[in-house]
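To start, the structure itself, in structure tokens.
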Amino acid sequence: MNRELITKQDYQILGIKENSTPNEISLAYEKLCSDYHPKKIKLKKLREPNDLEIKKYKEIEK
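In this text, residue positions in the sequence shown follow UniProt numbering: the first is 1, and each later residue adds one.
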């Protein structure tokens with residue numbers, strides 16, 4: 001994906017700043033994955049994982 005197509009909202013969805021390092025982006029994504037792990041969802045009764053968050057991570061990471 002072209003870096004010019006990434007918006008401020010993409011970063012907000014992941015809860016990171018626009019100038020985040022690749023490591024910070026990966027850590028934010030890993031935290032989201034952990035938060036929505038099936039075992040944790042059952043324990044916390046959280047919503048289903050947000051596909052938009054995963055999509056935005058993949059767009060930013062390219």
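All residues carry an ideal CB built from backbone N, CA and C; glycine is no exception.
Exposed or buried, what is residue i when buried is set at 16 or more other beta-carbons lying within 10 Å of its beta-carbon?
i: Glu53; result: buried
i: Lys8; result: exposed
i: Lys56; result: buried
Are the beta-carbon atoms of residue i and residue j separated by less than 8 Å?
i: Leu14; j: Tyr36; result: no
i: Ile25; j: Glu61; result: yes
Put residue i into one of helix, strand or coil per three-state DSSP.
i: Ile25; result: helix
i: Lys17; result: coil
i: Ile6; result: coil
Taking only beta-carbon positions, decide if residue i is within less than 8 Å of chain B.
i: Leu32; result: Given the protein chain composition of this structure (a single chain), no chain B is represented.
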